[in-house]
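The structure under discussion appears below in the form of structure tokens.
Number of protein chains: 2
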Amino acid sequence: MDLLQKLKDPQVLKDLTEDAVVWATQHGLVMGLATPTPAAAVVHAPLALTPVPFPAGTFREAEAAAGAFAALVDAVAEDDAYLLATLRPTAAHDDFGVLAHLRSDYMLHTPTGSLLQVEINTIGVSFACLGGLTACLHGHLLGRLGAGAAERAALPPNDALDQLADALGAAAQAYGVEGAVVVMVVQPGERNLYDQQWAQTRLWERHGVRTLRRTLSELARDAELGADRRLRVGGAVAAVVYFRAGYVPEDYAGEAEWAARERVERSDAFKCPSVAYQLAGAKKVQQDLARPGQVERFLPDEAQAALVRRFFAGLWGLEDLADPDTAAAVGAALRDPGAFVLKPQREGGGHNLYGAELRARLERGGPGLGAYVLMQRILPPINRSVMVRGGEAVEADTLSELGIFSVLVRRGGEVLVSRGAGHLVRTKAAESDEGGVAAGYGVLDSPFLV
Amino acid sequence: MDLLQKLKDPQVLKDLTEDAVVWATQHGLVMGLATPTPAAAVVHAPLALTPVPFPAGTFREAEAAAGAFAALVDAVAEDDAYLLATLRPTAAHDDFGVLAHLRSDYMLHTPTGSLLQVEINTIGVSFACLGGLTACLHGHLLGRLGAGAAERAALPPNDALDQLADALGAAAQAYGVEGAVVVMVVQPGERNLYDQQWAQTRLWERHGVRTLRRTLSELARDAELGADRRLRVGGAVAAVVYFRAGYVPEDYAGEAEWAARERVERSDAFKCPSVAYQLAGAKKVQQDLARPGQVERFLPDEAQAALVRRFFAGLWGLEDLADPDTAAAVGAALRDPGAFVLKPQREGGGHNLYGAELRARLERGGPGLGAYVLMQRILPPINRSVMVRGGEAVEADTLSELGIFSVLVRRGGEVLVSRGAGHLVRTKAAESDEGGVAAGYGVLDSPFLV
Chain R
1 MDLLQKLKDP QVLKDLTEDA VVWATQHGLV MGLATPTPAA AVVHAPLALT
51 PVPFPAGTFR EAEAAAGAFA ALVDAVAEDD AYLLATLRPT AAHDDFGVLA
101 HLRSDYMLHT PTGSLLQVEI NTIGVSFACL GGLTACLHGH LLGRLGAGAA
151 ERAALPPNDA LDQLADALGA AAQAYGVEGA VVVMVVQPGE RNLYDQQWAQ
201 TRLWERHGVR TLRRTLSELA RDAELGADRR LRVGGAVAAV VYFRAGYVPE
251 DYAGEAEWAA RERVERSDAF KCPSVAYQLA GAKKVQQDLA RPGQVERFLP
301 DEAQAALVRR FFAGLWGLED LADPDTAAAV GAALRDPGAF VLKPQREGGG
351 HNLYGAELRA RLERGGPGLG AYVLMQRILP PINRSVMVRG GEAVEADTLS
401 ELGIFSVLVR RGGEVLVSRG AGHLVRTKAA ESDEGGVAAG YGVLDSPFLV
Chain L
1 MDLLQKLKDP QVLKDLTEDA VVWATQHGLV MGLATPTPAA AVVHAPLALT
51 PVPFPAGTFR EAEAAAGAFA ALVDAVAEDD AYLLATLRPT AAHDDFGVLA
101 HLRSDYMLHT PTGSLLQVEI NTIGVSFACL GGLTACLHGH LLGRLGAGAA
151 ERAALPPNDA LDQLADALGA AAQAYGVEGA VVVMVVQPGE RNLYDQQWAQ
201 TRLWERHGVR TLRRTLSELA RDAELGADRR LRVGGAVAAV VYFRAGYVPE
251 DYAGEAEWAA RERVERSDAF KCPSVAYQLA GAKKVQQDLA RPGQVERFLP
301 DEAQAALVRR FFAGLWGLED LADPDTAAAV GAALRDPGAF VLKPQREGGG
351 HNLYGAELRA RLERGGPGLG AYVLMQRILP PINRSVMVRG GEAVEADTLS
401 ELGIFSVLVR RGGEVLVSRG AGHLVRTKAA ESDEGGVAAG YGVLDSPFLV
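Line by line, the protein sequences are chains R and L.
So in full-length UniProt numbering, spot 292 of the first sequence is number 292, and the numbers just go up one at a time.
So in full-length UniProt numbering, spot 269 of the second sequence is number 269, and the numbers just go up one at a time.
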């Protein structure tokens with residue numbers, strides 16, 4: 001079935017767009033309005049109207065690597081000395097519970113046909129819930145287009161929402177205090193709140209665990225750390241503190257917010273993530289792990305290490321420009337800036353440098369350059385997609401990024417849960433170098449395995 | 001469990017309000033915004049935060065009477081001569097398919113403890129879908145309040161959404177043309193569109209039947225009646241024409257819209273409702289049926305007739321003010337206007353006269369008075385409710401109306417489906433004499449059987 005061919009009929013396109021908007025709105029695949037009038041108003045999340053073709057074998061490989069990446073991040077987060085040496089802040093080792101919800105993001109690299117890792121996210125990982133719903137939406141829309149069973153089987157099942165809820169539930173159960181809650185640390189005015197609310201609702205339905213939503217400022221005021229290392233928020237004991245904030249400097253308005261984060265860290269609650277896990281996801285660590293022998297240091301299993309390595313793109317730190325490898329990479333980037341990207345250490349997106357900007361920044365040099373890593377630019381295939389935003393459909397040339405979730409729940413040395421946890425495809429216009437779904441550039445999508 | 005007692009705690013009230021808004025938004029219990037910016041934006045439907053106490057025995061009685069009321073309306077709609085004599089328009093008898101989706105609305109009458117019928121709706125019956133979802137919402141919220149199994153059992157199951165979809169599916173199947181569709185006739189700019197869209201989505205999921213949404217003006221342009229009496233809309237054959245519009249004069253902008261209605265009526269499609277069914281729901285007919293012997297004429301089964309009669313409130317036509325019964329009722333209304341209501345024949349609400357206005361209209365008299373019926377005013381119990389609109393909770397004295405749905409599918413003389421089809425409770429502020437949920441006065445609610 002050539003899906004896009006069917007959409008050439010304007011009536012089919014109009015009807016399917018309405019189907020998509022209605023289904024998404026009926027099933028909570030929604031976001032807050034930019035200007036909420038009235039409060040509580042929502043609109044469907046930005047969507048691709050049909051799933052994007054994706055090579056099946058490559059998709060399965062990325063799924064199979066989810067556990068190895070979780071093991072790698074876990075081993076790095078456990079190694080205080082390594083984090084200290086690599087990042088130079090204090091990384092307090094966590095004896096207590098760790099809940100990791102990770103997403104490893106990839107793009108297909110056209111010149112080689114391989115899948116290359118863009119980054120691995122260890123904090124505030126979003127779109128497990130809306131991404132899972134998008135798979136259901138696309139199943140519905142394929143049915144409306146008259147797809148048969150074989151074609152619908154090309155949409156892989158996506159249990160990302162249940163997996164996140166079950167990991168939160170497993171951590172809360174392992175914490176072992178009746179009535180203890182999950183504290184979700186959120187940003188004020190979050191528009192992507194239904195992606196978060198679905199985890200709360202599903203956690204309640206499947207595990208009977210309640211969630212409190214608090215900003216870091218509210219935690220600074222209300223969270224108390226007892227001598228028993230229990231964290232109490234408004235009378236409830238926190239079994240899990242789940243960060244959907246706290247990864248950009250703006251989330252820490254002042255000392256009080258930093259102190260609240262420290263109180264969480266020193267408590268015996270499961271943290272998603274701990275500070276060590278958050279640090280293990282830094283691009284600086286990603287760059288260090290790309291050096292020969294580093295992955296093998298953390299993953300003694302050779303096959304596992306090799307599985308992880310095959311997804312690595314070229315990646316160079318810029319602290320020591322005299323280093324021969326670094327100098328060679330910088331030289332190549334100055335000659336051919338289109339084949340590279342300059343990425344800042346900090347999370348949150350929106351600050352990458354490409355092309356002429358990249359070249360200018362490299363030429364300017366200076367000590368600030370060490371805050372960036374230089375990365376091989378991945379050249380993904382260009383697809384044709386219909387993107388639906390605010391009820392309106394727009395067709396465009398697009399490129400897609402595949403995310404593979406994994407969850408890991410560990411108490412001290414005991415790993416309670418470790419598994420792949422669904423997937424996510426985000427698609428954006430090919431001419432847009434930057435931006436996520438929540439920022440208004442991309443749309444939620446699914447892989448149509450070919 | 002005294003639900004409202006728990007809500008006296010401001011934190012419990014705040015948390016439960018958020019729970020209600022989130023659950024409703026996740027599950028498509030939503031309406032369009034009054035000023036949709038962007039297009040496709042929605043907000044949760046107005047809601048009661050907790051279900052309203054309702055006597056269990058009375059609720060069961062009303063459920064049990066659903067079939068008898070459907071049989072009554074069906075018999076009336078079949079009797080051209082009766083409709084002609086009662087209403088004086090031409091009532092073309094329909095040989096073909098009839099799909100009835102009825103809702104009989106009741107209120108508890110405090111002086112006698114009995115349930116009295118407010119009206120029976122035969123066209124454009126709304127809130128089967130959002131009402132069914134409200135029952136699920138209240139089940140969820142009771143759980144969040146810590147209700148046990150016994151308390152949750154006090155919320156009767158409500159399959160109103162599936163019943164409507166199944167009735168539409170049964171009619172489409174009986175029509176017997178592969179690929180034939182349901183044409184839903186809608187008002188332009190409908191805010192309550194998700195109540196309608198749920199019927200479409202569920203019909204597709206359960207029966208694989210598609211729905212086209214068209215205004216009467218669009219039908220006037222696009223609907224063609226063939227010599228074979230098939231109605232074709234945009235290339236599709238209409239198995240069912242389902243009116244969610246066409247019951248107020250404003251829906252018929254001109255002759256073209258009246259002609260479109262006639263084309264539908266002359267086609268062999270199942271009509272929900274036929275003109276005869278729509279007429280059978282007129283308040284004038286309701287008033288005529290209240291006269292001695294009239295119900296018995298249409299329902300030969302004595303027990304069935306008695307079952308229906310017990311819900312009748314006092315009801316008097318005003319064409320012949322010299323009639324002794326009428327004169328006595330008008331005299332009583334002038335002395336005690338608070339015990340009566342003056343209702344216009346037309347549907348859609350918003351025009352009833354009460355109190356001083358009622359007395360003034362009766363005193364003014366004139367031939368226009370015949371367009372009204374005088375009705376015993378039902379005096380329902382006053383409850384205390386928390387109503388949630390646009391994310392905000394407001395507590396108020398309220399009164400509630402119970403609706404019992406029924407469906408009937410008939411082809412010629414053969415009744416294919418006839419059954420009760422769920423319920424609806426709407427609650428409004430006690431000081432508001434008028435208005436529905438869609439108009440912004442009432443909220444969706446559920447019965448908590450006591």
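The beta-carbon is built from N, C-alpha and C at its ideal position, and this holds for glycine as well.
Note that the coordinates shown come from a computational prediction; the quantities given were computed from them, not determined experimentally.
| Check | Outcome |
| --- | --- |
| Determine, for Leu33 of chain R, whether the minimum Cβ-Cβ distance to residues of chain L falls below 8 Å. | yes |
| Compare the C-alpha of Gly317 of chain R against each of R:Ala56, R:Ala269 and R:Val373 and name the closest. | R:Val373 |
| Have a look at Ala91 of chain R and Arg410 of chain R and give me their C-alpha separation to the nearest angstrom. | Note on Ala91 of chain R: pLDDT 44, under 50, position unreliable in the model; the coordinate value appears next. Going by the C-alpha atoms only, they are around 18 Å apart. |
| Could one say the Cβ of Gly28 of chain L lies closer than 8 Å to chain R's Cβ atoms, at least one of them? | yes |
| My parser needs the beta strand (DSSP E) runs of 3 or more residues fully inside the UniProt domain "Glutathione synthase substrate-binding" (180 to 280) of chain R; what are they? | 181 to 185, 211 to 214, 223 to 225, 231 to 233, 236 to 243 and 270 to 272 |
| Short check: CB of Thr50 of chain R to CB of Val388 of chain R, under 8 Å? | no |
| DSSP on Asp166 of chain L, reduced to helix/strand/coil? | helix |
| State yes or no: is the beta carbon of Ala233 of chain R nearer than 8 Å to at least one beta carbon in chain L? | The sequence shown places Val at residue 233 of chain R, rather than the Ala named in the question. Cβ-Cβ to chain L under 8 Å: no for Val233 of chain R. |
| Should His351 of chain L go down as buried or exposed, given a rule of 16 or more other Cβ atoms within 10 Å for buried? | exposed |
| Could you tell me the distance, in whole angstroms, from the CA atom of Val407 of chain R to the CA atom of Glu250 of chain L? | 57 Å |
| Please tell me whether Gly422 of chain L has its Cβ less than 8 Å away from any Cβ of chain R. | no |
| Compute the distance between the beta-carbons of Gln343 of chain L and Lys271 of chain L, then report whether it is under 8 Å. | In the sequence under discussion, the amino acid at residue 343 of chain L is Lys, which differs from the Gln named in the question. No, these two residues do not count as a Cβ contact at 8 Å. |
| My output table needs one value for Tyr372 of chain R: the three-state DSSP class, helix, strand or coil. | strand |
| Rounded to a whole number of angstroms, what is the C-alpha to C-alpha distance between Val285 of chain R and Val341 of chain R? | 17 Å |
| Does Ala41 of chain L come within less than 8 Å of chain R when only Cβ atoms are used? | yes |
| For the alpha helix (DSSP H) holding Thr134 of chain R, just list the boundary residues, first then last. | Ala128 to Arg144 |
| With 8 Å as the threshold, decide whether the Cβ of Val21 of chain R is near any Cβ in chain L. | yes |
| For Pro292 of chain R, name the three-state secondary structure that DSSP assigns. | coil |
| Quick check on DSSP: helix, strand or coil for Asp397 of chain R? | strand |
| Do you know whose CA, among R:Val264, R:Gly420 and R:Pro447, lies nearest Glu63 of chain R's CA? | R:Gly420 |
| For chain L, find out if any of its Cβ atoms is closer than 8 Å to the Cβ of Pro89 of chain R; answer yes or no. | Here Pro89 of chain R scores only 46 on pLDDT, less than 50, and its place in the model should not be relied on; the value that follows carries that caveat. No - not a single Cβ of chain L is within 8 Å of the one on Pro89 of chain R. |
| Could you check if Thr427 of chain L is buried or exposed, using at least 16 other CB atoms within 10 Å of its CB as the buried criterion? | buried |
| Hey, residue 492 of chain R and Ala66 of chain R are a contact pair by Cβ (cut 8 Å); roughly how many whole angstroms apart? | No answer is possible for residue 492 of chain R: it lies beyond the span of chain R, which begins at 1 and ends at 450. |
| Taking a contact to mean a Cβ-Cβ separation below 8 Å, would you say Leu164 of chain R touches Val182 of chain R in this structure? | no |
| To which residues of the same chain is Val186 of chain L closer than 8 Å at the C-beta, ignoring the five residues directly before and after it? | Leu193, Gln196, Arg213, Arg214, Thr215, Arg244 and Ala245 |
| Verify the CB distance criterion: does Thr25 of chain L have a CB-CB separation below 8 Å to chain R? | yes |
| Quick one: residues in its chain with C-beta nearer than 6 Å to the C-beta of Leu353 of chain L, no 5 flanking neighbours on either side, listed in chain order? | Leu342 and Arg361 |
| I'd like the ranges of any alpha helix (DSSP H) spanning at least 4 consecutive residues and lying wholly in the region 10 to 61 of chain R. | 10 to 26 |
| Alpha carbons only, please: which of R:Ala429, R:Phe311, R:Ser446 and R:Leu358 is nearest the one belonging to Gln117 of chain R? | R:Phe311 |
| Below 8 Å on the Cβ atoms is my guess for Leu108 of chain L versus Pro380 of chain L; work out the distance and round it to an integer in Å. | 5 Å |
| Rounding to the nearest angstrom, what Cα-Cα distance links Tyr175 of chain R and Leu315 of chain R in this structure? | 39 Å |
| Anything in chain R within Cβ reach of residue 521 of chain L, meaning under 8 Å, just list it in chain order. | Here chain L covers residues 1 to 450 and nothing more, so residue 521 of chain L does not appear. |
| Could you pull the start and end residues of the beta strand (DSSP E) that Leu342 of chain R belongs to? | Phe340 to Pro344 |
| Under a Cβ-count criterion, where at least 16 other Cβ atoms within 10 Å of its own Cβ denotes burial, should Asp397 of chain R be classed as buried or exposed? | exposed |
| Quick one: what does DSSP say Thr427 of chain R is sitting in, helix, strand or coil? | strand |
| Just the Cα atoms here: how many angstroms apart are Arg210 of chain R and Leu402 of chain L? | 33 Å |
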